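Only one structure is covered here, and it is reproduced in the block below.
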Amino acid sequence: MTRLLYVFFILVCINGIFGDGLKCKFTIDMRLLKPADIPTSWIDMTDPCTKLMESQVKTEMEAAMKYLAMGAHFARDTINRPGFSKFFFESASEEREHAIKIIEYLLMRGQLTNDVSKLLKYPLTTNNTNPIRQEWNNGEEALTDALKLEAQVTRSIRDIIITCETPKTSSFNDYHLVDYLITDFLEEQYKGQRDLAGKISVLGKMMQAHGPLGEFLFDKKLLSGEV
Amino acid sequence: MLFFGVLSLLFLAVSGEYCYTDIESACSTNPKNGGLISNCNAKYGSIDTLQAELQAYANANIETSFEFLLMSTHFGNYEANREGFKGLYRKLSDKVWEEAIDLIKYIAHRGGRMDLNQLPRSKKPIKDSKVLELTELNSLAKALDSQKQLAEEALRIHAQAQHHTKQDAAVAHYFEEHFMESLSERVRRLAGYSNDLKNMLEERDASLSVFLFDEYLKNTL
Numbered sequence: 001m002t003r004l005l006y007v008f009f010i011l012v013c014i015n016g017i018f019g020d021g022l023k024c025k026f027t028i029d030m031r032l033l034k035p036a037d038i039p040t041s042w043i044d045m046t047d048p049c050t051k052l053m054e055s056q057v058k059t060e061m062e063a064a065m066k067y068l069a070m071g072a073h074f075a076r077d078t079i080n081r082p083g084f085s086k087f088f089f090e091s092a093s094e095e096r097e098h099a100i101k102i103i104e105y106l107l108m109r110g111q112l113t114n115d116v117s118k119l120l121k122y123p124l125t126t127n128n129t130n131p132i133r134q135e136w137n138n139g140e141e142a143l144t145d146a147l148k149l150e151a152q153v154t155r156s157i158r159d160i161i162i163t164c165e166t167p168k169t170s171s172f173n174d175y176h177l178v179d180y181l182i183t184d185f186l187e188e189q190y191k192g193q194r195d196l197a198g199k200i201s202v203l204g205k206m207m208q209a210h211g212p213l214g215e216f217l218f219d220k221k222l223l224s225g226e227v
Numbered sequence: 001m002l003f004f005g006v007l008s009l010l011f012l013a014v015s016g017e018y019c020y021t022d023i024e025s026a027c028s029t030n031p032k033n034g035g036l037i038s039n040c041n042a043k044y045g046s047i048d049t050l051q052a053e054l055q056a057y058a059n060a061n062i063e064t065s066f067e068f069l070l071m072s073t074h075f076g077n078y079e080a081n082r083e084g085f086k087g088l089y090r091k092l093s094d095k096v097w098e099e100a101i102d103l104i105k106y107i108a109h110r111g112g113r114m115d116l117n118q119l120p121r122s123k124k125p126i127k128d129s130k131v132l133e134l135t136e137l138n139s140l141a142k143a144l145d146s147q148k149q150l151a152e153e154a155l156r157i158h159a160q161a162q163h164h165t166k167q168d169a170a171v172a173h174y175f176e177e178h179f180m181e182s183l184s185e186r187v188r189r190l191a192g193y194s195n196d197l198k199n200m201l202e203e204r205d206a207s208l209s210v211f212l213f214d215e216y217l218k219n220t221l
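Note that the protein sequences, when read in sequence, are chains E and V. Per the UniProt record's numbering, the first sequence starts with residue 1, numbered consecutively. Per the UniProt record's numbering, the second sequence starts with residue 1, numbered consecutively.
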């Protein structure tokens, strides 16, 4: 009986090697052999610049996760701030879109041809040492946190601009990338920050005098998009 | 006397579970528990026992969404350059991300709370699952496995919600409505793709088959 099984096992192996194996091996080789001979002279991003752009993907996604935590907190039954929750959930998806925009830009410039897995690892932060904050005392505190987060992201984009404009390793000024970051990203960052600061100002004044009533009113305005 | 003692104890035990009594106590001249109204929540059924499972499942969806995004990225580079595959995985990533957010909202809806630091329950089945630069066929196989894993996990949670000693048909229903149909549809589609492409690779010129298949994928998006 065992001998029979043994023979059967060998047959299966042979089939695996000479059967489908050959055809599938061909597709695997397609990855090993370069499919076409493409010159690389058009790929001109400098290394330190590329590295910072790649880590920006993670920075944007981390911001998305922080906003997710805020959205989840304000959706809770005992917190019940649907306006804040909606605002933060939308911000989370926006941050994810930013990460994708950076990826698209890098792809356009001929980057990300290997090791894409290191762009994002789940979980993004090691949960034991640096857990995501998941509770806030009120809406004002969360908005303040969000503004600080945005300021951090803005600084990190500015750092990329500085490095890509004057990289230490060469004299290559990446005009296009810098222009893209300024017109597409910094523009949105500064507008977003101004918007958050304005919201904190309105909410802060109302909460000073009226506490939960101010927060309640502001939340409903936020939900209907009136503030 | 003893009877009254037992009765008042029972009353105390019962009163601890109602929002109304909490409110009465909190608004009385001498508030107990520091005026807290801990029973005024949206919890009922077995949400407390299922909460950790739901959190882990939401996080598993986020993890899968990241993976699909990276697979899409790989096919978007100039060497791979497969618009169809890129679009397919990007769409899957978007969908799974949205489903994660929706589940987070549902947890809150049932009086629970999301924990983004809770790790997904399921471990990735393939040992080199972190490698995401795949050939076209391998990527389909990986996508199929990963969607199937989410589908199995959804079935497991559904069964737990349905057959739990304290049944929670609401959670079971949520899973039926939001995961069962869409996951089975995606699993079937990916299985079909895997088989189609595998069969087409039997042609001598595989590069042309992959090109045509990629074009087909692009048109179905």
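Just so you know, even glycine gets a beta-carbon here, dropped at the ideal spot from N, CA and C. From a predicted model like this one, the values you see are computed outputs, not experimental measurements.
Could you work out which residue in the options is closest to residue i when comparing CA atoms only?
i, options, result
"residue 153 of chain V", "V:34, V:108, V:64, V:24", "V:64"
"residue 108 of chain V", "V:159, V:178, V:41", "V:41"
"residue 176 of chain E", "E:106, E:81, E:140, E:63", "E:106"
"residue 93 of chain V", "V:143, V:161, V:193", "V:143"
"residue 136 of chain V", "V:200, V:171, V:54", "V:200"
"residue 68 of chain V", "V:116, V:19, V:146", "V:146"
"residue 217 of chain V", "V:173, V:49, V:140, V:48", "V:140"
"residue 159 of chain V", "V:220, V:175, V:150, V:184", "V:175"
"residue 141 of chain E", "E:126, E:197, E:102", "E:197"
"residue 67 of chain E", "E:51, E:88, E:74, E:57", "E:88"
"residue 153 of chain E", "E:134, E:185, E:137, E:130", "E:185"
"residue 61 of chain V", "V:197, V:178, V:208", "V:178"
"residue 214 of chain E", "E:76, E:48, E:202", "E:202"
"residue 189 of chain E", "E:43, E:51, E:63, E:164", "E:63"
"residue 163 of chain E", "E:150, E:178, E:41, E:57", "E:178"
"residue 238 of chain V", "V:150, V:96, V:99, V:192", "This structure gives no information on residue 238 of chain V, because the portion of chain V shown stretches from 1 to 221."
"residue 76 of chain V", "E:91, E:97, E:114, E:96", "E:114"
"residue 137 of chain E", "E:51, E:211, E:223", "E:211"
Over the uninterrupted alpha helix (DSSP H) stretch that includes residue i, give me the two end residues.
i, result
"residue 94 of chain V", "83–109"
"residue 95 of chain E", "82–108"
"residue 179 of chain V", "From DSSP, residue 179 of chain V is part of no alpha helix (DSSP H); its letter is neither H nor E."
"residue 185 of chain E", "Segment: none, residue 185 of chain E is in no alpha helix (DSSP H) and carries neither H nor E."
"residue 212 of chain E", "212–223"
"residue 51 of chain V", "47–76"
"residue 118 of chain E", "Taken as a continuous stretch (DSSP letters only), residue 118 of chain E belongs to no alpha helix (DSSP H), as it is neither H nor E."
"residue 160 of chain E", "139–165"
"residue 174 of chain E", "Run containing residue 174 of chain E: none; DSSP gives neither H nor E here."
"residue 145 of chain V", "136–163"
"residue 58 of chain E", "47–74"
"residue 42 of chain V", "Where residue 42 of chain V is concerned, there is no enclosing alpha helix (DSSP H), given that its DSSP letter is neither H nor E."
"residue 131 of chain V", "Unbroken run through residue 131 of chain V: none, as it is neither H nor E."
"residue 217 of chain V", "206–220"
"residue 25 of chain V", "19–27"
"residue 222 of chain V", "Residue numbering for chain V in the displayed model covers 1 to 221; residue 222 of chain V lies beyond these limits and cannot be assessed."
My assumption, with CB atoms under 8 Å, is that residue i sits in contact with residue j. Please give the rounded CB distance.
i, j, result
"residue 117 of chain E", "residue 131 of chain V", "6 Å"
"residue 45 of chain E", "residue 174 of chain E", "6 Å"
"residue 58 of chain V", "residue 114 of chain V", "7 Å"
"residue 221 of chain E", "residue 83 of chain E", "7 Å"
"residue 146 of chain E", "residue 70 of chain E", "7 Å"
"residue 112 of chain V", "residue 54 of chain V", "7 Å"
"residue 120 of chain E", "residue 66 of chain V", "5 Å"
"residue 227 of chain E", "residue 199 of chain E", "6 Å"
Could you please tell me which residues of the region 40–72 of chain E, in chain order, have their CB closer than 8 Å to any CB of chain V? 61, 65, 68, 69, 71, 72
Looking at chain V, which residues of the region 107–118 of chain E have a Cβ within less than 7 Å of any of its Cβ atoms? 107, 110, 112, 113, 114, 116, 117
Report the residues of the region 131–156 of chain E with a CB closer than 8 Å to any CB of chain B, ordered along the chain. The structure shown contains no chain B; its protein chains are E and V.
Interfacial residues, the region 75–105 of chain E to chain V, with Cβ spacing under 9 Å: 75, 76, 77, 78, 79, 85, 89, 92, 93, 96, 99, 100, 103, 104
Using a Cβ cut-off of 7 Å, which residues of the region 192–224 of chain E contact any Cβ in chain V, in chain order? none
Residues within the region 151–185 of chain E neighbouring chain V, beta-carbon criterion of under 8 Å: none
Output needed in chain order: residues of the region 125–156 of chain V with a Cβ under 9 Å from some Cβ in chain E. 130, 131, 132, 133, 134, 135, 136, 137, 138
Mind listing which residues of the region 110–125 of chain V have their C-beta closer than 9 Å to chain E's C-betas, in chain order? 110, 111, 112, 113, 114, 115, 116, 117, 118, 119, 120
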